[in-house]
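Colleague:
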Amino acid sequence: MSSQHPGLSALLERGFVLLDGAQGTELEQRGVNLGGSKLWSAQLLIDDPAMIREVHLDYLRAGSDVITTFTYQASIPGFAAAGVDAAAAAALLNRAVDLAAEAREAFLAERAEAAAASDTSGGAATNGGEVAAAEPPQPMSGRPLIAYSCGSYGGYLADGSEFRGDYAESTSLDQLMEFHRTRLEPVRHRTDIDLLAFETIPCLKEAEAIVALLRRERYGKPAWISFSCRDALHTCRGEGFARDCVPMLAAAAAEGLVAAAGVNCTAPRHVGPLLAAAREQLSALSSVPIPTTTAGGGGALPPPPHSLLLLCYPNSGEDWDGEHRCWRHSPDDISEPGCFARAAIDWVRGPAGVRLVGGCCRTGPGHIRAMRAALAAPAAAGGVSGGDGAGDGAGGG
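Take 0 as the starting number for the sequence shown in numbering that gives the first Met the number 0 and just add one per residue.
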């Protein structure tokens with residue numbers, strides 16, 4: 000399976016790919032109460048699909064190159080627990096893809112109309128004789144991409160396990176593979192899915208299960224695996240992100256199974272150190288030859304070209320107050336869109352060298368618009384340090 004996609008390759012030529020932001024917390028910002036459903040944002044696939052389409056469209060208007068389906072917490076067993084049978088669950092998973100595709104087509108139609116109006120008016124759309132305000136930089140001239148979100152097994156448990164990973168001891172590799180297979184099977188025929196996004200993975204074991212599934216099933220689409228991390232060194236389960244996870248992911252990339260890997264649902268202050276260490280590990284792996292006993296009884300093969308891209312989409316930096324059930328500013332948060340965008344410049348242009356970047360919990364279209372403008376601007380003389388944060392997945396956040 001190729002780890003690249005023509006549309007993704009075209010975006011990467013620009014230097015970075017802009018993802019979208021939160022889903023669940025963005026819906027809450029719009030007045031939706033998700034507290035009563037273990038399906039989280041996927042509940043709206045049943046209750047209000049039009050709202051999902053509108054969120055996708057707003058992210059595209061803000062400048063996202065990639066939008067992520069509202070399936071982070073959607074799975075066959077998850078729907079079953081909510082009283083939805085397997086056939087209806089499969090239909091809902093396909094509905095999620097339909098909504099993203101409809102939003103993409105609506106956005107492309109808007110963009111074509113705006114371009115035609117600009118040509119007619121000599122280069123600037125007008126409104127009653129006034130020159131319209133400048134629009135944010137837009138995605139690539141081609142089609143934005145759709146990533147099919149697969150949250151972790153812990154997300155399905157809906158008990159915060161995606162931030163602990165403690166199910167790794169009680170859940171077998173085969174069980175984890177089957178969990179992800181059943182949510183992918185209903186949509187594997189979809190040609191309008193461009194990428195597979197495995198998000199908020201708290202433990203190495205689940206990532207290994209995902210890679211094993213990708214190797215066996217050969218879905219034919221680029222995949223990314225994104226971890227939730229508890230600090231600047233470790234996954235939420237406690238494995239070393241750079242030490243333990245990156246070598247496995249680099250090997251998967253060398254097989255063409257994984258295109259990108261990184262972190263989401265993670266405090267922004269940890270992103271730079273986590274991914275700079277990952278970058279160093281990748282450089283080291285690229286220089287280590289593979290021992291072999293062939294060719295006359297000894298020697299070594301050149302290191303495999305891993306081609307693994309790094310990505311991040313952290314939370315805004317606000318802390319969740321469980322007692323009062325509200326978000327609160329932390330001393331070092333970067334929840335203001337401009338601050339978040341300045342941190343993104345460091346993630347992309349700094350030692351981490353991130354190629355795909357976006358936002359997670361408590362980030363919205365405003366953050367994406369600010370990131371698009373900041374990253375499209377010429378490189379400044381000096382970076383801006385990242386901040387702090389906590390939260391849940393872009394697919395679920």
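Glycine included, every Cβ here is placed at the ideal spot set by N, Cα and C.
Using C-beta distances below 6 angstroms, list every residue in its chain close to ALA369, excluding the 5 sequence neighbours before and after it, in chain order.
Modeller: Closer than 6 angstroms at Cβ, skipping near neighbours: PRO336, GLY337 and ALA340.
Colleague: Which whole-angstrom value is the C-beta distance of ILE367 and TYR58, which I expect to be below 8 angstroms?
Modeller: That pair is a contact at about 6 angstroms.
Colleague: Could you tell me which residues DSSP puts in a beta bridge with GLY477?
Modeller: Nothing can be reported for residue 477: it is not among the residues displayed for the chain, which extend from 0 to 396.
Colleague: Quick check on ARG327: does DSSP put it in helix, strand or coil?
Modeller: ARG327 falls in the strand class under three-state DSSP.
Colleague: By Cβ distance, which residues of its chain are closer than 8 angstroms to PHE15, with the 5 residues on each side in sequence left out?
Modeller: Closer than 8 angstroms at Cβ, skipping near neighbours: VAL347, VAL353, ARG354, LEU355, VAL356 and LEU374.
Colleague: Going by C-alpha to C-alpha distance, which of LEU172, VAL96, ASP173 and GLU177 sits closest to LEU44?
Modeller: Of LEU172, VAL96, ASP173 and GLU177, the residue nearest in Cα terms is VAL96.
Colleague: What are the start and end residues of the beta strand (DSSP E) that includes GLU161?
Modeller: Premise fails: GLU161 is in no beta strand (DSSP E) and is neither H nor E.
Colleague: Please name the residue in LEU156, PRO377, VAL210 and ARG187 whose C-alpha comes closest to that of ALA397.
Modeller: The question about residue 397 has no answer, for the chain in this structure spans 0 to 396.
Colleague: Which value, in whole angstroms, describes the spacing of the CA atoms of GLY261 and THR119?
Modeller: Answer to the nearest angstrom: the Cα atoms are 44 angstroms apart.
Colleague: Measure how close the beta-carbons of ALA41 and ALA73 come, nearest whole angstrom, since I'm counting them as under 8 angstroms.
Modeller: Indeed they touch by this definition, with Cβ atoms about 4 angstroms apart.
Colleague: With a CB to CB cut of under 7 angstroms and the five nearest residues on each side skipped, what residues in its chain are close to GLU27?
Modeller: Here the set comprises LEU33.
Colleague: Pairs of beta-carbons, one from the segment 217-233 and one from the segment 187-204, closer than 8 angstroms: are there three or more?
Modeller: Yes, since at least three Cβ pairs between the segment 217-233 and the segment 187-204 fall closer than 8 angstroms, the two stretches touch.
Colleague: Is the segment 46-64 touching the segment 160-178 in the sense that three or more CB pairs, one from each, lie closer than 8 angstroms?
Modeller: The segment 160-178 vs the segment 46-64: no contact.
Colleague: Between which two residues does the beta strand (DSSP E) containing GLY20 stretch?
Modeller: Taken as a continuous stretch (DSSP letters only), GLY20 belongs to no beta strand (DSSP E), as it is neither H nor E.
Colleague: Taking only the alpha-carbon atoms, compute the straight-line gap between ILE7 and LEU144 and give it to the nearest angstrom.
Modeller: The residue asked about is misnamed: residue 7 is Leu in this sequence, not Ile. Spanning the two alpha carbons is a distance of roughly 8 angstroms.
Colleague: Beta-carbon within less than 7 angstroms of LEU308's beta-carbon, same chain only, minus the 5 sequence neighbours each way: which residues are those?
Modeller: Correct list, in chain order: ALA258, ALA259, ARG354 and LEU355.
Colleague: Does DSSP put VAL16 in a helix, in a strand, or in coil?
Modeller: Reduced to three states, the DSSP call for VAL16 is strand.
Colleague: Tell me the residue span of the alpha helix (DSSP H) that contains SER117.
Modeller: Its alpha helix (DSSP H) spans residues 85-119.
Colleague: Cutting at 8 angstroms between CB atoms, please list the residues of its own chain near GLU238, excluding the five before and the five after it.
Modeller: Same-chain partners within the cutoff: CYS202, LEU203 and CYS244.
Colleague: Please give me, in chain order, every unbroken run of the beta strand (DSSP E) with length at least 3 that falls completely inside the segment 149-216.
Modeller: Taking only runs of at least 3 residues, the beta strand (DSSP E) segments lying wholly in the segment 149-216 are 194-200.
Colleague: Got a sec? Which residues, its chain only, sit under 6 angstroms from ALA88 by beta carbon, not counting five neighbours each side?
Modeller: Cβ within range, chain order: ILE75 and PHE78.
Colleague: From what residue to what residue does the alpha helix (DSSP H) around SER40 run?
Modeller: That residue, SER40, is in no alpha helix (DSSP H); it is neither H nor E in DSSP.
Colleague: Within the same chain, show all residues whose beta-carbon is closer than 7 angstroms to that of ALA80, passing over the 5 residues directly before and after it, in chain order.
Modeller: The residues are LYS37.
Colleague: Does the separation of the CB atoms of LEU195 and LEU213 fall below 9 angstroms?
Modeller: Contact: yes.
Colleague: Who are ALA146's beta bridge partners in DSSP?
Modeller: Per DSSP, THR67 and LEU194.
Colleague: What is the C-beta distance between ASN314 and THR234, in whole angstroms, given that I count them as a contact (C-beta under 8 angstroms)?
Modeller: With a Cβ gap of about 16 angstroms, ASN314 and THR234 do not count as contacting.
Colleague: My output table needs one value for CYS235: the three-state DSSP class, helix, strand or coil.
Modeller: Reduced to three states, the DSSP call for CYS235 is coil.
Colleague: Between the alpha carbons of ILE192 and ALA378, how many angstroms are there, rounded?
Modeller: Each residue's Cα considered, the two are about 33 angstroms apart.
Colleague: For ALA133, name the three-state secondary structure that DSSP assigns.
Modeller: With a pLDDT of 45 at ALA133, under the threshold of 50, the modelled position of that residue is not reliable, and no figure is offered here.
Colleague: Is the Cβ of GLY164 closer than 9 angstroms to any Cβ of chain B?
Modeller: Judged by its chain identifiers, the structure shown contains no chain B, having just a single protein chain.
Colleague: Just to confirm, is the Cβ distance from SER306 to ALA253 under 9 angstroms?
Modeller: A contact, by the Cβ cut-off of 9 angstroms.
Colleague: Could you tell me the boundaries of the beta strand (DSSP E) in which ALA259 lies?
Modeller: Residues 259-263.
Colleague: Are ARG187 and GLU216 close, meaning C-beta to C-beta below 9 angstroms?
Modeller: In this structure, GLU216 lies closer than 9 angstroms to ARG187 by Cβ.
Colleague: Taking DSSP as the reference, what is the three-state secondary structure of TYR218?
Modeller: Here TYR218 sits in coil by DSSP.
Colleague: Taking C-alpha atoms, which residue in PRO350, ALA105, ARG110 and ALA251 lies nearest to GLU207?
Modeller: Out of PRO350, ALA105, ARG110 and ALA251, ALA251 has the C-alpha closest to the C-alpha of GLU207.
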